[in-house]
Amino acid sequence: MVSLNHELDAHAAADHCVNDAPGLAAALLGATDMVESAALIFSYVTTALRCTGVMVVWSPDLPDTLYQFPPTTLSGEQRARLRVAADSSPPAFLAPGNSKFALVLYTVGALGRVVLLATRENIAGEATASATDWDDFIAVVTPHMGRCLEHARLEQSVQRLEKAEHLQRALFAIADMVSSDLDMTDMLRGLHEIVGKLMYAENFFIALYDVEMDVIRFIYFADLADDVGPSMDVDVPIESIKHGLTWHLIRKGRPMRGSTEQMRAQGCSALQSIGPDSLDCLGVPMLSGTVVRGAIVVQSYVERPRFTTEDQALLSFVASHILTALDRKQAHDELERRVAQRTQELAKANVTLTSEVDERQRGERLQNALFRIAELGNTAEGMERFLAAVHSVVGELINAENFYIAQLSEDRTTLQFPYFVDERELERHPRLLANGATEQVLHSGTPLLLDVAQMQRLRESSEMDLGASAYSWLGVPLICAGSVVGVVAVQSYSADVNYTIGDQELLGFVSSQIARGLERRRAAEEIQLANTELEQRVASRTSELRHQIEVRERVESTLTQRNADLEMANQQLAGAQSQLLQSEKMASVGQLAAGVAHEINNPISFVHSNLFSLKRYIDELLAVVHAYDHWAAAPTDRLRAEQLATVKERVRLGYLRKDVLELLDESVDGIERVKKIVQDLKDFSHVGEAEWQDIDIHHCLESTLNVLSHEIRPKADVIKEYGEVPRIRCLPFQINQVLLNLLMNAAHAFEQRGTITIATGHDAGMVWVRIADTGCGIDPAHVKRIFDPFFTTRPVGAGTGLGLSASYGIVQQHGGTIDVASEVGVGTTMTVHLPVLGADAARVPVQ
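Here the sequence shown is numbered in the working numbering, starting from 414 and rising by one per residue.
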């Protein structure tokens, strides 16, 4: 109520000794307010009237709004004397037989009052004040008290208006904060700052109460003395804090104020202190009508003016608005969360659908191209026209402006070019084998894909003799009768064209068709040549019939060999299905990558946010350190100490000390989560591990569950019933693919939330994994077909039907089996049996 300058002026007035009534009267005429007048009365009564324990107490208009000089806390005995003085009229000594008294100096109406508290003691050798001295004192003081009380009342009215204005601004600020895009933590911190502008609120917390669940959740906590505090944003039974202040506020639904002992005396005898004991405390329930929804508490651990009834009413009023703000903010945040979740689900579904459509269109284009190439092998006239037509078809699938086919000579020493089209070379003549990229494909029998960086490195290291200007080069082997006889290659001279693994796979399919076409045309040419020779020999040399028969037998032998080659070609065509199944695996990995990217984004986001907050905190901490350095060199006085305290309060030094450590812990936790997600994805994929290994099937299950958590968690609860099983010998990536497909199918089987049970065990040299869901089940008519390629019961565009087919093939390759049991409306159980020692051991009967 009194400014710092007024208080300092009052102390200066108290230090100025006034020894007579005329001097007191003159000094009172110069006083500007009640504080200065009280200081002059204090000085006169202490020095001239020889009293001790002097204190001037006044109240402008409210009986429980007291001001005193000196500004110290009233004792219980002083308060008792004041209560007696409340019913007395001035001027009168109260309790005249007692050396400790209360003198009513002035009253106005029923409430305004000025009282002098003092102690008269007779000290040997010192004179005491006479009755005349007291009469003169009262005669001088009384006329001035009415003016001072009126001035104090007006000043109090102005302060109340200022408080009302502050309250209105605070409510507007609360409304603006709720409608802003701040997250809940920042909003609550802002609410704390707003309350701190209305009253003392260094130590402040908000707790919400769920009536139906009978649980309480602390959503905000700031305390200078309590370094531990309650668990934040966690629902705990309210009985776990029974008899605490928050418990009393929730259960009784009425405000509480004062020290712990005072509140116990007010009817809360069982009140217990949870955390540091405060000197003064004010708590109000957050009410929605008559229902208690939570509590707001402010506390003080230092000696300061106590919380008043006015503070209580103000905090109750603000609490109702804070509750409304929290409800609106939570509803807004929940709506935004649902919108974001739905948007994310739609985006994910769109990406999946687009990928499946692209894959289906690519497959259709590839299949059409293969059919056309096969048809060209039977219809095109001449090898040159056949290869030109093949070039045209390849150009529809990938960039093939620069395309050539290289073939080995019969002695495999010379490289010939039966077809060559290049924008920078008109033709390419046969040449001896060298150290080029074409020769590398011939020698290795595997495709080779080079980008501009790889080509530059190979040129500089002289590892390979390459052309001078190509940006990207792709070559695949041309295999006939199981032997590499040539190379099909494309290259790019533009930085805008870079070949990919998908282009490599496509060109590989085309190469196999070209090889089949070449074989068919070569066989046809040889048959035609043999027939011509046979006719010529029959016409010209009938006598050499035996020789002609031998020639026919050789031709038949050749035809037999060609038929065998054609059968092998058919087997290679069947391998195309395996390639399609592999594409299904790659699509699954793509889906997992999208999910893992989302999982990684959450910890990265709050680590990013924490680091920015940490930077701001450090800047503010450095501001405090700078203030310390600046003020350390100056003489210490009260004003500088208060200025230093103001700086510490402004930057919330105590809060920063706590929150900067929490930010670091959260950031470290976020990085650990990213590391765990990446490690699980690496364990799942087994990148670079294409050999048979001994693995723990439980480790495979955990890695797969981790990378699929974003798919399973919203749909089902996972129950694990793991048994003790030995390690098995397998290809880890393929086994992970099987587990992924089975768990994905289980997750997609739910129309409502259900349960997925995973059990493991082993018997007779086999380890089994059972995955059971409580989903919709499979129609008995479809159970026998679920492992057929491209068979699916899902809507068009929602799946390719290759997942279970690929899984079935992988398990068979490992020498195991997959069993299925399903009932519509009850669920489906998939059981995988795998041999402990791998596929070779599975072919040996177990003794």
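Positions of the beta carbon are idealized from the N, C-alpha and C atoms, including for glycine.
### Query
Leaving out five residues before and five after Ala438 in sequence, what residues of the same chain have Cβ atoms less than 6 Å from its Cβ?
Val553
### Query
The beta strand (DSSP E) spanning Trp1105 covers which residue range?
Segment: none, Trp1105 is in no beta strand (DSSP E) and carries neither H nor E.
#### Entry: Candidates Leu658, Arg630, Gly666, Val641: closest to Pro650 by CA position
Looking at the Cα atoms, Arg630 is the closest of the given residues.
### Query
What separation, rounded to the nearest whole angstrom, lies between the Cα atoms of Leu800 and Glu777?
22 Å
### Query
Is Thr1170 near the ligand COA, going by C-beta to nearest heavy atom under 7 Å?
Although the ligand COA was asked about, the structure shown includes no ligands whatsoever.
### Message
Check for me: the alpha helix (DSSP H) holding Ile663 runs from which residue to which?
### Response
Its alpha helix (DSSP H) spans residues 658-665.
### Query
Assuming Gly642 contacts Asp636 under a Cβ cut-off of 8 Å, what Cβ separation, rounded to an integer in Å, is found between them?
6 Å
### Residues near Gly538 by beta carbon distance below 7 Å, same chain, minus five either side
For Gly538, the predicted structure reports a pLDDT of 45, less than 50, and the residue's modelled location is therefore unreliable. A value from the coordinates is still provided. Taken in chain order, the list of residues that qualify is empty.
### Message
Once DSSP output is grouped into helix, strand and coil, what is the label at Lys655?
### Response
coil
### Message
Measuring straight from C-alpha to C-alpha, what distance separates Val897 and Leu845?
### Response
17 Å
### Message
Between which residues of its own chain and Tyr906 is the CB-CB distance below 8 Å, once the five residues before and five after are set aside?
### Response
Asn815, Glu836, Arg837, Ser882, Ala883, Tyr884
### Task
Round the Cβ separation of Leu1284 and Ile735 to the nearest angstrom and send it over; I've been treating them as touching at under 8 Å.
In this structure the chain extends from 414 to 1260, so residue 1284 is not present and cannot be described.
### Query
Which residue's Cα is closest to the Cα of Leu920: His804, Ala732, Asn1023?
His804
### Task
Please say whether Gly489 and Tyr519 have beta carbons closer to each other than 8 Å?
Using a Cβ distance threshold of 8 Å, Tyr519 and Gly489 do not count as a contacting pair.
### Own chain residues within Cβ distance below 6 Å of Arg526, not counting five before or after
Ser472, Thr520
### Message
I'd like to check one pair, Gln829 with Pro843: are the Cβ atoms closer than 8 Å?
### Response
yes
### Task
Would you kindly work out how many angstroms separate the C-alpha atoms of Gln926 and Arg933, rounded to a whole number?
10 Å
### Extent of the continuous beta strand (DSSP E) run through Cys1113
It is not in any beta strand (DSSP E) - Cys1113 instead sits in the alpha helix (DSSP H) that spans 1110-1120.
### Message
So for Glu836, helix, strand or coil by DSSP?
### Response
coil
#### Entry: Close-in-space but distant-in-sequence residues of the same chain around Val732 (CB under 7 Å, 5 per side omitted)
Val is not the amino acid found at residue 732; the sequence shown has Ala there. So the qualifying residues of the chain are Val697, Met699, Ile709.
### Task
Please go through the same chain and pick out, in chain order, the residues whose beta-carbon is closer than 7 Å to the beta-carbon of Ile536, but skip the five residues on each side of it.
Note on Ile536: pLDDT 46, under 50, position unreliable in the model; no value is reported.
### Residue range of the beta strand (DSSP E) that includes His1172
Before going on, a small fix: residue 1172 reads as Ala here, not His. First-last of the beta strand (DSSP E) with Ala1172: 1167-1176.
### Query
Do the CB positions of Leu580 and Gly707 come within less than 8 Å of each other?
no
### Query
Nearest-angstrom Cα distance between Ile892 and Gln974?
16 Å
### Task
Could you tell me which residues DSSP puts in a beta bridge with Cys1143?
DSSP, once it has assigned bridges, lists Gln1106 as partnering Cys1143.
### Task
Would you list the residues sitting across from His1246 in a DSSP beta bridge?
Trp1181, Thr1230
### Query
Taking the alpha-carbon positions, what's the Met868 to Ala908 distance?
13 Å
### Query
Name the DSSP beta bridge partners of Met699, please?
Gly707
### Query
Which of helix, strand or coil does DSSP assign to Ala989?
The pLDDT assigned to Ala989 is 49, lower than 50, so where the model puts this residue is not dependable; a value taken from the coordinates is nonetheless given after this. Here Ala989 sits in helix by DSSP.
### Per-residue DSSP class, three states only, for Ala537
Below a pLDDT of 50, predicted positions are generally treated as unreliable, and Ala537, at 45, falls in that range; no measurement from the model is reported.
### Which of helix, strand or coil DSSP assigns to Ala623
Note that residue 623 is Asp in the sequence shown here, rather than Ala. Strand.
### Query
Given Ala638, which residues of its chain have a CB within under 6 Å of its CB, disregarding the five upstream and five downstream residues?
Pro689, Tyr714
### Message
Quick check on Asn763: buried or exposed, where buried means 16 or more other Cβ atoms within 10 Å of its Cβ?
### Response
exposed
#### Entry: Rounded straight-line distance, which links the Cα of Asp1082 to that of Val1073
14 Å
### Task
Take Cys681 and list the residues in its own chain whose beta-carbon comes closer than 6 Å to its own, dropping the five residues that flank it on each side.
His661
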